[in-house]
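Notes for the one structure printed next.
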């Protein structure tokens, strides 16, 4: 069993005797639930990783193998990529899109953190709660599917005539910038168009756009500096979030890179911790 205890979620990966893999989410704050699930499974080998790993090891009073988060992600990504039929190609950038975002260089078994950004699932959920009242990741994702970012963001086509500058009109000029302009009429005079009239679904879509575009741009900049073209994306923020996945891969591709979405990529760290425990 491998358990990746992050800032928001605990990801569990369990290998049955027949070799099948079972994956589960629990809340990272549900310490009793995590401990109870481990006790129920009673694994022969237990690997722990993530920011909650050391506290869990102290609570459990049983043999464990602790694995640094970045090492676990590298191990797990290799296993998941092989399962998707990808040939080993290194180095590549591995992007862990969790509560925040870490960008790792993977070459063989060597994993090095090159950078990251504070934008991630924590941003999406925090802004989502503040702007829409949604309390969960799933709620925000479902709401965003019904939204239109164009009613919130300011795009190049909103401020430049077509063809005047060499950028597509749908390119985002300023995230949430449309709200700043919505209250201005001719000559810059204020008009009675309060920003609180924005629809929650449009705000949710704009939040996902803000996170997705900027994560992809940061990753692409680091990839260019490192001379790497393949970017592999995983992390729980992408779970059942097709809008974010589309934005991240689309922007990465437009920047001339090769994006790859890890299947079950939320569990890369847990799968890596499982693999490390099996070696012990």
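Numbering (my numbering), first residue to last: 986 to 1265.
We put the beta carbon where it would ideally sit given N, CA and C, even for glycine.
Every value quoted in this text rests on a predicted model; they were computed, and no experiment measured them.
Leaving aside the five residues that flank residue 1261 on each side, the residues in its chain whose CB is nearer than 7 Å to its CB run, in chain order, 1032, 1050, 1052, 1057, 1060. Note on geometry: alpha-carbon atoms of residue 1026 and residue 1078 lie some 34 Å from one another. Minimum Cα-Cα distance from residue 1038 among the listed residues 1235, 991, 1113, 1130 corresponds to 991. Nearest Cα to residue 1021 within the set 1005, 1034, 1046, 1230: 1046. Taking C-alpha positions only, residue 1160 is separated from residue 1183 by approximately 14 Å. A distance below 7 Å between beta-carbons, with the five flanking residues on each side excluded, links residue 1258 to the following residues of its chain, in chain order: 987, 988, 989, 1032, 1033, 1034, 1052, 1057. One Cα belongs to residue 1106, the other to residue 1207, and the distance between them is close to 20 Å.
Under the DSSP assignment, residue 1218 falls in the beta strand (DSSP E) whose first and last residues are 1215–1219. Take residue 1147, set aside five residues on each side of it, and the residues of its chain with a beta-carbon closer than 7 Å to its own are 1154, in chain order. Judged by beta-carbon spacing, residue 1137 lies within the 9 Å limit of residue 1188, meaning their Cβ atoms are closer than that value. Listed in chain order, the non-local C-beta contacts of residue 1239 below 7 Å within the same chain number zero, local neighbours out to five positions each way being set aside. Here residue 1236 is near residue 1197, since their CB atoms are less than 9 Å apart. By the neighbour-count criterion, in which 16 or more other beta carbons inside 10 Å mark a residue as buried, residue 1150 falls on the exposed side.
Look at the segment 1075–1109 and you find these whole runs of beta strand (DSSP E), each 3 residues long or longer: 1077–1082, 1086–1092, 1095–1102.
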